[in-house]
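Visitor: In this note's numbering, the protein residues as written are 356 to 931. Glycine residues also receive a C-beta, built at the ideal position from the N, C-alpha and C atoms. None of the values given here were measured: they were computed from a predicted structure.
1. Roughly how many angstroms lie between the CA atoms of residue 576 and residue 734, to the nearest whole one?
2. Using the C-alpha atoms, what's the distance from residue 785 back to residue 754?
3. Where do the ends of the alpha helix (DSSP H) carrying residue 823 lie?
4. Would you mind stating whether residue 715 and residue 731 have Cβ atoms separated by less than 7 Å?
5. For residue 479 versus residue 511, is the C-beta spacing smaller than 7 Å?
6. Within a Cβ cutoff of 8 Å, which residues of the same chain sit near residue 459, ignoring the five residues on either side of it in sequence?
7. Got a sec? Which residues, its chain only, sit under 6 Å from residue 509 by beta carbon, not counting five neighbours each side?
8. Who does residue 642 pair with in a DSSP beta bridge?
9. Just to confirm, are residue 851 and residue 722 a CB contact at a threshold of 7 Å?
10. Once you ignore the five residues that flank residue 545 on each side, which residues in its own chain have a CB closer than 7 Å to its CB?
11. Here's the rule: buried if 16 or more other CB atoms are within 10 angstroms of the residue's CB, otherwise exposed. What is residue 756?
12. Are the segment 813 to 828 and the segment 553 to 566 touching, with three or more C-beta to C-beta distances below 8 Å?
13. Since residue 466 is in the alpha helix (DSSP H), which residue starts that stretch and which ends it?
14. Are the segment 605 to 613 and the segment 562 to 572 touching by the rule of at least three beta carbon pairs closer than 8 Å?
15. Could you check if residue 788 belongs to the surroundings of the ligand ATP, using beta carbon to heavy atom distance under 6 Å?
16. What do you get for residue 719, buried or exposed, if any count of 16 or more other CB atoms within 10 angstroms of its CB means buried?
17. Should the segment 527 to 542 be regarded as contacting the segment 794 to 801, the criterion being three or more beta carbon pairs within less than 8 Å?
18. Could you tell me which residues DSSP pairs with residue 508 in its beta bridges?
19. Could you spell out where the alpha helix (DSSP H) holding residue 567 opens and where it closes?
20. Does the separation of the CB atoms of residue 556 and residue 593 fall below 7 Å?
21. Determine the contact status of residue 769 and residue 643, defining contact as a CB-CB distance below 7 Å.
22. Under 8 Å, with one C-beta from each stretch per pair, do the segment 484 to 501 and the segment 513 to 533 reach the 3-pair mark?
23. Alpha carbon to alpha carbon, how far is residue 506 from residue 636? Give it in angstroms, no decimals.
24. So, residue 550 versus residue 621, is the Cβ gap smaller than 7 Å?
25. If contacts are defined as beta-carbon pairs under 8 Å, then residue 787 and residue 764 qualify, I think. What distance do you get, rounded to the angstrom?
26. Between which two residues does the alpha helix (DSSP H) harbouring residue 740 extend?
27. Can the beta-carbon of residue 838 be found closer than 7 Å to that of residue 809?
28. So residue 552 and residue 570 are in contact, right, with Cβ under 8 Å, and what is the actual spacing, rounded?
29. On a CA-only basis, which of 409, 416, 737 is nearest residue 712? Give me that one, please.
30. Name, in chain order, the residues that DSSP records as bridge partners for residue 610.
31. Does the Cβ-Cβ distance between residue 806 and residue 573 come in under 7 Å?
32. If you run the structure through DSSP and keep just helix, strand and coil, what is residue 697?
33. Are the Cβ atoms of residue 617 and residue 675 separated by less than 7 Å?
34. Per DSSP, residue 800 forms a beta bridge with which residues?
35. What does the alpha-carbon distance come out to for the pair residue 699 and residue 745?
36. Tell me where the alpha helix (DSSP H) around residue 725 begins and ends.
Take a look at the structure:
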């Protein structure tokens, strides 16, 4: 078989032997056939080669992220395996029980007492509901809360969540494993959340390294590892869909973002508050203040015209129709069969007053803001807070105020990253407020929602900077872990103090950033002195980095030249 020449490419060029072999392999498709067959062979060759180039380019550009994902997969596998062994070998999971996760840790001569607050909701709720779904019991019927399985009778009350949660449990039990299929799905959702976290941090900072560090700190977050990977608690799906949806907003894909965030809301009622930033983003027009020229006609506009001017009503109504069509297709069949569905779902939003103003509630009860006053021995304050929280005044006052701040932010098309950073930051602050002041109260595992937020907003510049790009900071490595440990470790009666500190800290991020910069000043001075004394090492590192970048650019420039030249010759042949 005669082969066409390789257009002067050889292994003596700047390409290494592996790249030269990739180019040489294209001759396998060529032979002394008819011109038509030659054109088909060339097109097939070009298609395969272009995809090989794309794969190599992807590996080169994302090698750090791939290494992070592989390392995290090993860690998550060990934690998940420990959970599977505990689940399959212990009767503890099979019955309704709780384990405190109490313990002590000796740290530098000090005894650290921790309390992880673990629950066996997996067996008491998820496993129960999944089996009833597979048996054909409707989720909002009274019989859905009763089951007899493996000799145990379990009664867990009314099902109060949106329908996708029950569907997920049924799908998990269809996986042919020994009852831990739901846990596998929850862990997979938790692991995959690292991808939108990486994408959001990268887009909002304009820095790939910031995205990689955000993905790493999320995957190593102790709150996530314990509550999602080990205890198999159910927050992971709606967290994944919300952050995937917000990532789509950073890419300008409104419809995809809308569907993903609505999907999050169909898993858990907490995600309904996450729809507020989506509504505000969709209803506001993108503005370009640098291009606006104020004319006399603009100055004479009426009050209502000025208010309606930044609103994109037409596109917003299109998005509303998409939401109704998508959500209706999922909810409507359940609503027709069970009209009491909305009544059940509202139960998750309700609360209950304090039983005692002097004693904290039992371990099975959720924690609420007013319990902090009980703990410090202030019954009068506890009673006042109890009324404000129980009737939802604090919740709706704070959520409305923060939504107003979101609305008055200028959706600046010239500073898109800054606008989306501010929108996501206000979303995190709103959700912290919702968790603090919600009438129903919270458990520690609810705060796995904030692991992605902490990984993204892990430096003062990510919170306060008005620039489109944000550099890497050492705080990005330790701050997300530290904030999560502030919630995970303290006893359950007091950890809401930590949540208040975190909320205040983000509110004072500018001041704290200035203080932290002052604290780091000696370290920066020493680093500058060392870099001056070690110019040779600094030069070598810069030279290595420059050479690697040149090799990367040279390889792919050669690939692009080859593909473009081959494409031009193919077109010439086709025309002839």
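Guide: Let me lay it out:
1. 36 Å
2. 6 Å
3. It is not in any alpha helix (DSSP H) - residue 823 carries neither H nor E in the DSSP assignment.
4. no
5. yes
6. 466, 467, 468, 469
7. 483, 502
8. 767
9. yes
10. 579, 583, 584, 591
11. exposed
12. yes
13. Looking at the DSSP string, residue 466 is not in any alpha helix (DSSP H); the run it does join, the beta strand (DSSP E), is 465 to 470.
14. no
15. Questions concerning the ligand ATP fall outside what the structure shown contains, since it holds no ligand whatsoever.
16. exposed
17. no
18. 503
19. 563 to 574
20. no
21. yes
22. yes
23. 52 Å
24. no
25. Incorrect: roughly 18 Å between the Cβ atoms, too far for contact.
26. 734 to 745
27. yes
28. 6 Å
29. 737
30. DSSP lists no partner for residue 610.
31. yes
32. helix
33. no
34. None, per the DSSP bridge assignment.
35. 19 Å
36. 724 to 730
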